[in-house]
Amino acid sequence: MRSLRKNPQLAVLLSLLVVFVGTTAFGPLVRADDPLKPNILQKFRPPSPEHPMGTDELGRDVLSRVLLGGRYSLGAGLAVVVLGGLIGSVVGFISGYFGGWLDFVLMRITELFLGFPALILAIAFAAAFGAGLAQGVLAAALVWWPGYARLVRGQVLAVRNLQFVEAAQALGARDARVLLRHVVPACFGEIVVKATLDMGLAILFVASLGFLGLGVRAPTPEWGTMIAEARPYILDKWWTGFYPGAAIGVTVVLFNMLGDQIRAVLTPRRGQI
Amino acid sequence: MLASLARRFAVLPLMVLGMTLITFVITHLIPADPARVAAGLNASAEQVARMREQMGLNKPLMAQYMGYLGDLLRGDWGSSAVSQRPVLPDIAAALPATLELLLVATVGFLALGIPIGIWIGSSRSRLVSALLSFTSYLGMAFPVFWLGLMLQILFYQQLHWLPAVGRIGTQVQPPTTITGSYILDSLITGNWQALGSSIQHIAMPAICLILARFAVTARFVAGGVQEALGSDYVRTGKAKGLSRFSILYKHALRNVLIPVNTMLGLQFGWLLGGSILIEAVFSWPGIGWYAWRSIVSLDFLPIMGVTLVFSVAFILINLVTDLLYQVLDPRISAGGNA
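Residue numbers (this note's numbering), protein chains in the order written: chain A, 1 to 273; chain B, 274 to 611.
Next comes the structure, spelled out in structure tokens:
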């Protein structure tokens, strides 16, 4: 709380984000229009007071769909970061803490995954898994973890020889206890910063897969698939694809700025850029 | 330096081998029925059976992997389930279009990003640098495929300035193939009509990639310039009475190029992914477009072919930036014991 008062920018960003997430969480309940039910008589209405973002090719209210889509996009982004972060952190902790051949093998695997261009590897995974939101998230998470593995391993190496860890070991604590009680908490800040910065990127990533027709499929109104759906009509009816893309952009900017601010609060040594 | 060079080249085949292990897992182990996935959605039972035989799915895993590797090395990357055409020649035919687009985009975002970065890094205005940060946020935040669609609405639909899709006008004869680049080939052969049409067609997809990346480059360069300007050798230069120009361009810039070079390798990974999205939007007949059409029809083997080609390209580019790194930074090349 103290850091919030000292850092008004962070406070503003956080409240913006709360409003944003709140709107996508509760917005679909407030909007009367069914985001999934076609209403062909209303198709391709340009933005108006009744439909602030217009209607799409099936006469569905774009605003309602963008709001509902926020749930899928934000949810999928969060799932990718959590899953990828979890896999990567576990690999990083094991690699950094135990060292030796285990470290060698795990790091070579990490490098292999980093050797692929991320989107392309995810496309290959998603194509093998088949369609579906969960499959898309899994494909993205499978290319997402190596960054965390490297980050966490570096952190663990920095922390491992500090006195409080040595003290715990000298007191006879088991490896698991040293890791969970002492090493993990010391690395937590950096992981949170990276995860926040990654949220936006993960949303973009899932949207790119959705646009290509992988992972999430229509009629699920994930923002990327909404743009793909709008594509055949977009040259004449710009509003069908404009708003989902704008929603992605705004969300990603918010998360990036938030990540930078959290970094400034959690790692004050580096100072402001 | 030679030793570290040799080490890098020795790692290369190992890295590629490791990658084939991952693509093997994706093609042979992940799908519930690999033969069905590889044979395509509309394959008959007979075709699936033939594919099963071809992939050696009833053999032990190690034998399967060896067979897979052998096929790759022989240039047999399988065939498209839709067109029945072999994958590798189709990718090779699409390569020049992608190379041309990526080259123009890279030159573009460097030509824009480096000067802007130097200007901002050496200016003391906080407003200017805040503005740059914000622009780079925007460039990274909005999906590049969405940006492409928006540009199509503006420059094609509204203003009628540029064509929306394709690599050259449908009424225009492509230039004789010499380098594979339409722009260069039409310049060489003096085919002005083809030149004009190619430039018009490449403009929008290239602008998209440039818009998405130039601010990131500029921010990177600006950070480097700021750091360099605070260093000892710059203070010495100032004390010697060197001009601002000489300090900035003769001394600081060279040091800034080192991180820029590293960044370029990473940018390339993004560009390869971006090329699939952008080529899909602009029907640019390159590897990305080929990949996109395969994705849409769930044509599995072409997708895996593109995955391999792009990954090897990514490794090679990173090798080149590593080598350049050694040229740019004499501290590393001297003896290699840094």
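By construction, the Cβ of each residue, glycine as well, lies at the ideal position given by its N, Cα and C atoms.
So, helix, strand or coil for residue i, using DSSP?
i	result
A/D56	coil
A/D61	strand
B/S352	strand
B/P359	strand
B/P478	helix
B/H433	coil
A/R174	coil
A/W238	coil
A/G271	Summary for A/G271: the model assigns pLDDT 38, below 50, so the residue's position carries little reliability, and this model does not support an answer.
B/E326	helix
B/Q540	helix
B/F407	helix
A/I34	The amino acid occupying residue 34 of chain A in the given sequence is Asp; Ile does not appear at that position. Looking at A/D34 - three-state DSSP - the assignment turns out to be coil, as it is neither helix nor strand.
B/S398	coil
A/H182	helix
B/L314	coil
A/P8	helix
A/E222	coil
A/F274	Residue 274 of chain A falls outside the range modelled here, since chain A spans only 1 to 273, and no answer is possible.
Return the chain-ordered list of same chain residues with a C-beta closer than 6 Å to the C-beta of residue i, the five sequence neighbours on each side being excluded.
i	result
B/R309	V321
B/G542	F587
A/D103	S95
B/F297	Y338 and Y341
B/V401	I393
A/G245	I227
B/A607	Caution is warranted here: a pLDDT of 47 is assigned to B/A607, below 50, making its placement in the model unreliable, and the coordinate value is therefore given only provisionally. Here the set comprises nothing.
B/D602	I531
B/L462	Note that residue 462 of chain B is Thr in the sequence shown, not Leu. So the qualifying residues of the chain are P448 and T449.
Assuming residue i and residue j are in contact, meaning their beta carbons sit under 8 Å apart, how far apart are those beta carbons, in whole angstroms?
i	j	result
A/I262	A/I203	Not quite, the Cβ-Cβ distance comes to about 17 Å (not below 8 Å), so this is no contact.
B/G578	B/I303	Contact flag wrong, Cβ pair sits at about 17 Å.
B/P359	B/S352	5 Å
B/G546	A/I120	6 Å
A/S73	A/A207	7 Å
B/A354	B/A316	6 Å
Applying the 10 Å Cβ sphere with the 16-neighbour rule, what's the burial state of residue i?
i	result
B/Y506	exposed
A/G100	exposed
B/Y522	exposed
B/S398	exposed
A/L106	buried
A/R45	buried
B/G390	buried
B/N591	buried
B/S516	exposed
A/T240	buried
B/M335	exposed
B/T672	Outside the shown range of chain B, which is 274 to 611, sits residue 672 of chain B, and nothing can be said about it.
B/W465	exposed
A/L274	The displayed coordinates of chain A run from 1 to 273. Any statement about residue 274 of chain A would go beyond what the structure contains.
B/A378	buried
So, for residue i: in the same chain, excluding its five sequence neighbours on each side, which residues have a beta-carbon less than 7 Å away from its beta-carbon?
i	result
A/L13	L254, M257, L258 and Q261
A/F129	Q135, L138 and A139
B/P447	I441, Y455 and A467
A/F164	H182
B/R281	L592 and D595
A/K237	F44
Could you pull out every residue in the same chain whose Cβ sits closer than 8 Å to the Cβ of residue i, ignoring the five residues on either side in sequence?
i	result
B/N610	Its pLDDT being 43, under 50, B/N610 is placed unreliably in this model, and the value from its coordinates should be taken loosely. Answer for B/N610: no residue qualifies.
A/N7	Q261, A264 and V265
B/L411	A488
B/P286	none
Could you check if residue i belongs to the surroundings of the ligand ZN, using beta carbon to heavy atom distance under 7 Å?
i	result
B/G510	The ligand ZN is not among the ligands present in this structure, which contains no ligands whatsoever.
At least three beta-carbon pairs within less than 8 Å, the segment 171–180 of chain A to the segment 189–203 of chain A: Taking 8 Å as the limit for Cβ pairs, the verdict is that the segment 189–203 of chain A does not touch the segment 171–180 of chain A.
Inter-stretch contact at 8 Å, needing at least 3 Cβ pairs: the segment 543–563 of chain B / the segment 473–486 of chain B: yes
The segment 405–420 of chain B in contact with the segment 199–216 of chain A per 3-pair CB rule at 8 Å: yes
At least 3 beta-carbon pairs within less than 8 Å: the segment 514–532 of chain B vs the segment 565–584 of chain B: no
Segment contact flag, the segment 148–162 of chain A with the segment 213–224 of chain A, C-beta cutoff 8 Å, min 3 pairs: no
Given 8 Å, three or more beta-carbon pairs between the segment 230–241 of chain A and the segment 46–61 of chain A: Short answer: they touch.
contact_flag[the segment 562–571 of chain B, the segment 362–382 of chain B] where n(CB pairs < 8 Å) is 3 or more: yes
Inter-stretch contact (C-beta, 8 Å, three-pair minimum) for the segment 426–433 of chain B and the segment 491–507 of chain B: Cβ pair count under 8 Å is below three, so no.
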